[in-house]
Every structure is written in C-alpha cells, then in structure tokens.
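Letter by letter, the sequence shown follows residues 364 to 498 of my numbering.
To keep things clear, I will list the structure first and then write my remarks on it.
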Amino acid sequence: MARILLAEDDPSVREFVARALEMDGHAVLATEDGGLAAEAILEHDGAFDLLLSDIKMPVMDGIALALRVADQYPDVTILLMTGFADQRERAHGLDALVHDVVPKPFTLADIRAKVKEALDGRPAEAETLAQQLGA
Numbered sequence: 364m365a366r367i368l369l370a371e372d373d374p375s376v377r378e379f380v381a382r383a384l385e386m387d388g389h390a391v392l393a394t395e396d397g398g399l400a401a402e403a404i405l406e407h408d409g410a411f412d413l414l415l416s417d418i419k420m421p422v423m424d425g426i427a428l429a430l431r432v433a434d435q436y437p438d439v440t441i442l443l444m445t446g447f448a449d450q451r452e453r454a455h456g457l458d459a460l461v462h463d464v465v466p467k468p469f470t471l472a473d474i475r476a477k478v479k480e481a482l483d484g485r486p487a488e489a490e491t492l493a494q495q496l497g498a
C-alpha cells in the first residue's frame, strides 16, 4: 500500500490516525510536529505517497510544511487536518497544492475515506464551511 508521513502534535490523535491507516495496510511514519516531519521527508528523500498533517502545530505549522514539501517533492500528495475553522480557511488558499482539508473531529471511517480519496487522486468533495458546521 502507500507510504504516509503523518505530522500531528496531539499524541492521542496521532496514534488514532496512525492505527487507522495501518489497518488499511499503509506504512505510516508518525511525527509530532512539522519540523520533525520536514526532517523525515528529507531523510527519506521524499519517498512518501502522502503527507497527512495537522495545520496548527508547534515548531512548523502544517501550511509551512505543505509549502516546503510541495516545493521539494511535488509528487507527494498533501492532505491537511484541522479543528479550527480559521486555519481551514487559511489552507484553502493552497488549493493547487493541497488535496483537501479534513475537519476535526473525524471518525475512523472519515479519515480512512479521505486518505483513500487522496491516494486515488479523486477530487475531494467540495463542501462549504457552513455545510460542515451543519448550517
């Protein structure tokens, strides 16, 4: 299956997501912030199919990480996650670089489906923030 680089500063979310993706047979390298993820992608010379990163993290946020990865390794698909609506809107300026932004909280099925979409190269469903918030 796919090689996935995961950057998530919350240990419980990081473990939940890593286990969910490993259930689908993916090899997951989990890091606790964007700085460590940037080091890991360099160390592995970009040999990942997907970068799955939280947006709001210490050291280097997910948007800075996405910009760096897209510049150095344009073949790596990028999927971001966030629990903050303002961060989600910030990421939408990166539409050409980022496959989608997954809103938190999400279920096991949600994250597995979004990763599958990203890896399959299908466009993510367009959904407004109002629809996501149930308005």
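C-beta atoms are modelled at their ideal positions from N, C-alpha and C, and glycine is treated no differently.
| Asked | Found |
| --- | --- |
| Based on Cα-Cα distance, which residue from P468, L460, D396 and E385 lies nearest to E371? | D396 |
| Which ranges would you report for the alpha helix (DSSP H) in the stretch 381-445 if only whole runs of at least 4 residues count? | 397-406 and 425-435 |
| How far does the beta strand (DSSP E) with A370 in it extend, from its first residue to its last? | R366 to A370 |
| How would you write the range of the alpha helix (DSSP H) that D473 sits in, first residue to last? | L471 to D483 |
| Among L442, G446, E406 and L460, whose alpha-carbon lies nearest the alpha-carbon of A476? | L442 |
| How big is the Cα-Cα spacing for A489 and V464? | Unreliable positioning characterises A489 in this predicted model, as indicated by a pLDDT of 42, which lies under 50. The coordinate reading is nonetheless provided below. Approximately 10 Å between the Cα atoms of the pair. |
| Do T394 and A403 have their C-beta atoms closer together than 8 Å? | yes |
| Check whether the Cβ atoms of T440 and L413 lie closer than 8 Å to each other. | yes |
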